[in-house]
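Under numbering that gives the first Met the number 0, the first residue of the sequence shown is numbered 0, with each subsequent residue one higher. Note that the Cβ used here is the ideal one computed from N, Cα and C, for glycine as well.
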Amino acid sequence: MLFDKDGTLSHSEPYLLKLSRERINQSIALFKPGGTSSHLARAKLEDLLSKVYGVTSKEVHPGGILAVASKEQNLTSTATIFSLMGKSWPTSFELAQEAFHRADECLLKEENQQKTKKTTLLPGARAILKSLKQAGVLCALISNDNSAGIKNFLKENDLEQYFCHIWSAENNPKKPDPIAVQSLCNEIGLHPNKCALIGDANSDLKMALQANVSLILGYISGWSNPPKLSEQQFLIHHWEELTVLSQTNIPDNFNRT
Ligand SMILES: [Mg+2]
């Protein structure tokens, strides 16, 4: 069983909102517009960054770049906004890198001071992972977070025992390339047609279809604004909707389709 992380297992929205706010604040602090309309230029920068990240003051768009894409892709998008604001590309990229670096440092300091977890699990996620393990189902995580972020999530939430493999943004290719799924299945030692994938983005589900994964599940309860999915075979609103049956207790009349 292949799992997406953010918005599928992980309640990532509060952390991503804080991260986007910090990246926007640091970008504004680093931005030095010329002329008398610097206030307007900063407001424009804030508006463009919010739009490109897909965030409002309360919500993260589940299909936006912040929710779906890698840090590198978010960095490039931020640099693109600086270039739209009139900076050269080298300066734009440096500003974006510095803003991301400062935002990471601020959030790390806050986490250390408050001793808080970055993200928590969505309701019922631990129980389904436990049931799958008990039934002997191999589970893997495929995410566009980097490897350190995935490992930190697993460690913080005491989930390391449930996953045999991870595929991060540092693996090549990364999601949503179907070869990412095929390569991960290869590492696990199973053909994709013996696997299921569950995710909260159409890009995840399309990737699974293109990789010939046999069971494709969409999960929609990880965000305030539920994702509008269309590529799934089955839609899951809560992890409690799933029951794991081991080979020994599948009833004779159970419909496997
Ligand atoms: Mg996700």
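Asked                                                                                                                                                               : Found
Using C-beta distances below 8 Å, list every residue in its chain close to Arg284, excluding the 5 sequence neighbours before and after it, in chain order.         : The structure shown does not extend to residue 284, since the chain is modelled only from 0 through 256, so no value can be given for it.
If we ignore side chains and look at the alpha-carbon of each, how far apart do Ser80 and Gly62 end up?                                                             : Residue identity differs from the one stated: residue 80 is Ile in this sequence, not Ser. Straight-line Cα distance between these residues: approximately 19 Å.
Out of curiosity, what's the CA-to-CA distance linking Gln72 and Ile64?                                                                                             : 8 Å
From the DSSP secondary-structure annotation, give me the bridge partner or partners of Ile141.                                                                     : Trp166
Within its chain, find whatever has a CB closer than 6 Å to the CB of Thr119; leave out the 5 residues flanking it on each side and keep chain order.               : His10
What separation, rounded to the nearest whole angstrom, lies between the Cα atoms of Ser69 and Ser87?                                                               : 23 Å
With burial defined as no fewer than 16 other Cβ atoms inside 10 Å of the residue's Cβ, what is the status of Asp3: buried or exposed?                              : buried
What separation, rounded to the nearest whole angstrom, lies between the Cα atoms of Glu97 and Asn24?                                                               : 12 Å
Between Pro175 and the rest of its own chain, which residues show a CB-CB distance below 6 Å, the 5 nearest in sequence each way excluded?                          : Ser202 and Met206
Taking any heavy atom of ligand 1 as the mark, which residues have a C-beta closer than 5 Å to it, listed down the chain?                                           : Asp3, Asp5, Gly6 and Asp199
If we count the other Cβ atoms within 10 Å of its Cβ and call it buried at 16 or more, is Gln231 buried or exposed?                                                 : buried
Less than 8 Å between C-beta atoms, sequence neighbours within five positions excluded: which residues of the same chain meet that for Lys108?                      : none
Taking 8 Å as the cut-off, does the stretch 215-224 touch the stretch 234-241 (at least 3 CB pairs, one atom from each stretch)?                                    : yes
Which residues in the same chain have their Cβ closer than 6 Å to the Cβ of Val136, if we skip the five residues on either side of it in sequence?                  : Met0
Less than 7 Å between C-beta atoms, sequence neighbours within five positions excluded: which residues of the same chain meet that for Ala66?                       : Asp5, Gly6, Leu15, Gly53, Val59 and His60
Report the option in Arg22, Leu106, Phe162 and Asn111 whose CA atom is closest to the CA atom of Ile127.                                                            : Phe162
Taking just the CA atoms, how far does Ala124 sit from Glu110?                                                                                                      : 23 Å
Nearest to Ser91 by alpha carbon, out of Leu106, Phe99 and Thr77?                                                                                                   : Thr77
Which runs of the beta strand (DSSP E) spanning at least 3 residues fall entirely within the stretch 46-118, listed in chain order?                                 : none
Do Ala139 and Ile178 come within 8 Å of each other at the CB atom, strictly closer than that value?                                                                 : no
Using DSSP's beta-bridge definition, name the partner residues of Asp5.                                                                                             : Ser9
What's the call for Pro122, buried or exposed, on a 16-neighbour Cβ count within 10 Å?                                                                              : exposed
Out of curiosity, what's the CA-to-CA distance linking Ala134 and Leu94?                                                                                            : 50 Å
Which residue wins for smallest C-alpha separation from Asp103, given the options Gly148, Ser142 and Gln160?                                                        : Gly148
Please list, in chain order, all residues of the same chain as Pro225 whose beta carbon is under 8 Å from its beta carbon, the five residues on each side excluded. : Pro61 and Ile219
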